[in-house]
Amino acid sequence: MGAHESIEHAEHAEHASGSNKKIALLIAIMALFLALSETMGKGAQTESISSNVEAANLWAFFQAKSIRRTVVQTASEQTRLTLGAISDEAQKAALARQIDDWSKTAARYRSEPETGEGSEQLAARAKHAEHARDLALARYHHYEVASAAFQIGIVLASATIITGMVALAWIAGAMALTGLAFTAIGLLAPHAVHLM
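All residue numbers for the sequence shown refer to our numbering, where the first residue is 1347 and numbers rise by one.
Right, dumping it as structure tokens:
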């Protein structure tokens, strides 16, 4: 190998080394964003599960309150029907008080704003928990797509170092931008793009 060939080989090696450093930096940046999107995805997944459990518990409580209200209303109505057949005034007065108590209890089962445990309040809380679940789930799906884009980008950038095909680096960069876009959508506007 002549001096001229040695110089060309050294220049090529130096150029390849500079390119490899840029690709390595691209890989490191994509790995950083991959870690962030994975962390946000796990957080969103956990939030969606917690909100789903909360919504299920609130709907179960709502059903229990509704059943209790129905039982009390039925007892009140049945007693009201038999009230006319009773001739003893003291007994009539006692049953009328009982009917009044049952009516108040049924109304309290329907709406109890001071405790938030009336069926109306429980339904509102359950719907709020469902909304939180849906929001977290939408975020989770976007973060998952972002993570996949970053992973594909890392693989393509790594392949660039091995093959020397610069086109793979450009595709890797495009995948990184796609990952950033889906991370931003998940964070700022999770319902803007419907994935699932």
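From the three backbone atoms N, C-alpha and C, an ideal C-beta is built for every residue, glycine too.
- Arg1479 sits away from Ser1412, with the two beta carbons spaced by 8 Å or more.
- Our two residues, Gly1389 and Leu1372, have alpha carbons roughly 26 Å apart in a direct line.
- Fewer than three beta-carbon pairs drawn from the stretch 1459 to 1479 and the stretch 1421 to 1440 are found closer than 8 Å, and the two stretches are therefore not classed as touching.
- Pairing Ala1472 with Leu1404 gives a Cβ-Cβ distance under 8 Å.
- Between Tyr1455 and Arg1414, the C-beta spacing is below 8 Å.
- Annotation for Val1491: the continuous alpha helix (DSSP H) segment containing it runs Ser1465 to Thr1509.
- When the five nearest sequence neighbours on each side are left out, the beta carbons in the same chain lying within less than 8 Å of the beta carbon of Ala1370 are those of Ile1507, in order along the chain.
- For Asp1447, the uninterrupted alpha helix (DSSP H) run begins and ends at Glu1435 to Arg1456, by DSSP.
- Its chain contains Ala1495 as the residues whose beta carbon lies nearer than 6 Å to that of Thr1524, once the 5 sequence neighbours on both sides are disregarded; these appear in chain order.
- Annotation: the continuous alpha helix (DSSP H) that includes Ile1517 extends over Val1512 to Leu1534.
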